[in-house]
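Asker: Protein chains in written order, with our numbering: chain H, 9 to 232; chain D, 2 to 43.
Each residue gets a CB set at the ideal place from its N, CA and C atoms; glycine is no exception.
Okay, here's the structure, questions in a sec.
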Amino acid sequence: MKSNAVMSTLKIVLLIWVGLVFSGAYLWAPLAKGLKEYTRVLYFHVPMAWITVIAFLMSALFSILYLKKRLPLYDLYAEATNQLGIVFAVLATITGSIWAKASWGSFWNWDPRETSIFILLLIYAAYFALRSAIEEDEKKAALSAVYSILAFVTVPFFIFIVPRIYDSLHPDPVINEEGKIHMGSRILTVFLSSIAGFTALYFWLFKLKIDLIKVKLQLDELEK
Amino acid sequence: MEPTYVVLIINLIIWVGLFFYTFSLNKNISELKGQIERLKKK
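In structure tokens, the structure reads:
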């Protein structure tokens, strides 16, 4: 009962936090010079990409744990966080392509950043294809864990390295080549709050997924 | 397209998407919990 009360409080805090980020983005933070009205996209599109990285990192960590301890739960957690990673990657891609249409004139330009997120989506789609192709649970878990770890090795390459190597239409990364953040204090405050809020949202969704897994396992036990 | 609308569409996609995802997860959990309760009563 106590943990339920804590969870409810956290949900309310998160809701207020996200509301504050939303109002801050529209009412408090100024517009950046080059981006004008599109500055506001920064507060929603970038956190999506950030959470994609976090979700895939979590999957790699659970996969390592699975290979070490061979507990089926870790494999299910890795699958769950990969599903969230895919959802956020798709959201980042859709929102990015609407932004591209408005500022570059077309939804898809095969820009290095667009190409790299597309390849990343294919890599993680293959993870689910691999899972559905293997029937034996233990084999499925072990192969998926190895694949997930190898897939995560490509994430920093596609998200952080490729877009910085090639010329891109995409606005400068938040942390640029000199390793500095060029943002006004208000923009930076809303941006970091948004990153924190969306990260909390990811962990809440992940907790829901864990609850779902546990309830499913309980149901399987009862049905046996 | 007006930039204001672009930004609004992007926000709507994110929030509607996440809302439905959270809602469907919660619904799924409640349904399964209901099934567990029914099985326990049997």
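1. Within the same chain, show all residues whose beta-carbon is closer than 6 Å to that of Asp83 of chain H, passing over the 5 residues directly before and after it, in chain order.
2. Can you check which of these residues, H:Ser202, H:Leu151, H:Tyr132, is closest to Thr162 of chain H by C-alpha distance?
3. So which residues on chain D does Met56 of chain H lean against when the C-beta distance must stay under 9 Å?
4. Check whether the region 24 to 42 of chain H touches the region 194 to 209 of chain H, taking contact to mean three or more Cβ pairs, one atom from each stretch, closer than 8 Å.
5. Sort H:Leu18, H:Ser31, H:Ile72 by Cα distance to Ala159 of chain H and report the nearest one.
6. Could you say which of H:Pro38, H:Phe165, H:Ala134 lies nearest to Leu151 of chain H if we only look at CA atoms?
7. Using DSSP with H/G/I as helix, E/B as strand and the rest coil, what is Ala40 of chain H?
8. Who are the Cβ neighbours of Ile142 of chain H in its own chain at under 7 Å, not counting the five residues just before and after it?
9. May I have the straight-line CA-CA distance separating Phe70 of chain H from Phe166 of chain H, to the nearest angstrom?
10. Output yes if chain H places a C-beta closer than 7 Å to the C-beta of Ser34 of chain D; else output no.
11. Just checking: is the beta-carbon of Leu40 of chain D within a distance shorter than 7 Å of some beta-carbon in chain H?
12. Excluding the 5 residues preceding and the 5 following Ala33 of chain H in the sequence, name in chain order all residues of the same chain whose CB lies nearer than 6 Å to its CB.
13. Ile102 of chain H touches chain D at which residues, Cβ-Cβ below 7 Å?
14. Would you call the CB atoms of Thr89 of chain H and Ala63 of chain H closer than 7 Å?
15. So, helix, strand or coil for Leu130 of chain H, using DSSP?
16. By how many angstroms is the C-alpha of Leu33 of chain D removed from the C-alpha of Lys224 of chain H?
17. Along chain D, which residues have their Cβ under 8 Å away from the Cβ of Leu107 of chain H?
18. How far does the alpha helix (DSSP H) with Ile59 of chain H in it extend, from its first residue to its last?
19. Would you verify that the beta carbon of Arg48 of chain H is, or is not, closer than 7 Å to some beta carbon of chain D?
20. Less than 8 Å between the CB atoms is what I'm expecting for Lys217 of chain H and Leu26 of chain D, so what's the real figure, rounded?
Answerer: The relevant details are as follows:
1. Reading the first sequence from its first residue, position 75 is the one you call residue 83 of chain H. Excluding positions up to five away in sequence, the list reads Tyr74, Ala149.
2. Taking the first residue of the first sequence as position 1, residue 162 of chain H is located at position 154. For Thr162 of chain H, the nearest C-alpha among the options comes from H:Tyr132.
3. Position 48 of the first sequence, counted from the first residue, corresponds to residue 56 of chain H. Near Met56 of chain H (Cβ distances below 9 Å), the residues of chain D are Ile15.
4. yes
5. Within the first sequence, numbered from 1, the residue matching residue 159 of chain H stands at position 151. Answer by Cα proximity: H:Ile72.
6. The residue you call residue 151 of chain H lines up with position 143 of the first sequence. The option with the nearest alpha carbon to Leu151 of chain H is H:Ala134.
7. On the first sequence, position 32 is the one that residue 40 of chain H refers to. Looking at Ala40 of chain H - three-state DSSP - the assignment turns out to be strand.
8. For this step, residue 142 of chain H is matched to residue 134 along the first sequence. Only Lys148, Leu151 meet the Cβ criterion.
9. Numbered from its first residue, the first sequence carries residue 70 of chain H at position 62. Numbered from its first residue, the first sequence carries residue 166 of chain H at position 158. Using only the alpha carbons, I get a separation of about 21 Å.
10. Numbered from 1 along the second sequence, position 33 holds the residue referred to as residue 34 of chain D. According to the sequence shown, residue 34 of chain D is Lys rather than Ser. So, interface residue.
11. On the second sequence, position 39 is the one that residue 40 of chain D refers to. Chain H, which has a Cβ nearer than 7 Å to the Cβ of Leu40 of chain D, makes this yes.
12. Along the first sequence, one-based indexing puts residue 33 of chain H at 25. Closer than 6 Å at Cβ, skipping near neighbours: Arg48, Tyr51, Val198.
13. Looking up residue 102 of chain H in the first sequence gives position 94. Ordered by position in chain D, the residues that pass the 7 Å Cβ test against Ile102 of chain H are Ile14.
14. As a first step, residue 89 of chain H must be located in the first sequence, where it is residue number 81. As a first step, residue 63 of chain H must be located in the first sequence, where it is residue number 55. Yes, Cβ-Cβ distance for Thr89 of chain H and Ala63 of chain H is below 7 Å.
15. Your numbering for residue 130 of chain H matches position 122 in the first sequence. Looking at Leu130 of chain H - three-state DSSP - the assignment turns out to be helix.
16. Within the first sequence, numbered from 1, the residue matching residue 224 of chain H stands at position 216. Within the second sequence, numbered from 1, the residue matching residue 33 of chain D stands at position 32. When rounded, the distance between both Cα atoms is 7 Å.
17. Here residue 107 of chain H refers to the residue found at position 99 of the first sequence. Per the sequence shown, the amino acid found at residue 107 of chain H is Trp instead of Leu. The contacting residues are Val7, Ile11.
18. Stepping through the first sequence from its first residue, residue 59 of chain H is reached at position 51. Per DSSP, Ile59 of chain H belongs to the alpha helix (DSSP H) from 50 to 77.
19. In the first sequence, residue 48 of chain H corresponds to position 40, counting from 1. Yes - at least one Cβ of chain D is within 7 Å of the one on Arg48 of chain H.
20. Position 209 of the first sequence, counting from 1, holds the residue named residue 217 of chain H. Position 25 of the second sequence, counting from 1, holds the residue named residue 26 of chain D. Yes, they are in contact, since the Cβ atoms of Lys217 of chain H and Leu26 of chain D sit about 7 Å apart, within 8 Å.
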